[in-house]
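Undergrad: Start counting the sequence shown at 63; every next residue gets the next number (our numbering). We treat Cβ as the ideally placed atom computed from N, Cα and C, and that holds for glycine. Dropping the structure in here first, questions after.
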Amino acid sequence: MVKVDKNKCIGCGKCVQICPKVFKMGNDGKSAVKKNTKAECIKDAIDSCPVDAISE
Ligand code: SF4
63 MVKVDKNKCI
73 GCGKCVQICP
83 KVFKMGNDGK
93 SAVKKNTKAE
103 CIKDAIDSCP
113 VDAISE
């Protein structure tokens with residue numbers, strides 16, 4: 063299950079850019095999981111997140 067730790071997320075938008083199928087920007091300016099699915103791009107998003115807010 064993919065999760066975004068909102069306490070860590072700084073809203074840089076990288077995960078949404080890299081993996082729009084799974085992540086979206088929430089109204090709070092932080093990333094949220096749009097769809098919990100298996101996708102290759104999740105790993106890339108995890109690697110690209112500057113604050114390690116994404117876990118799987
Ligand atoms: S890459 Fe990380 S810090 Fe940036 S929006 Fe996504 S979860 Fe937040």
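(1) Please list the terminal residues of the continuous alpha helix (DSSP H) segment that includes Lys76.
(2) Output yes or no for whether 8 Å exceeds the beta carbon distance between Ala115 and Cys71.
(3) Using only the heavy atoms of the ligand SF4, determine whether one of them is closer than 7 Å to the beta carbon of Cys111.
(4) Take Ile104 and list the residues in its own chain whose beta-carbon comes closer than 7 Å to its own, dropping the five residues that flank it on each side.
(5) Just to confirm the assignment, what range does the beta strand (DSSP E) spanning Lys86 have?
TA: In brief:
(1) Lys76 to Ile80
(2) yes
(3) yes
(4) Val64, Cys81, Val84 and Glu118
(5) Phe85 to Met87
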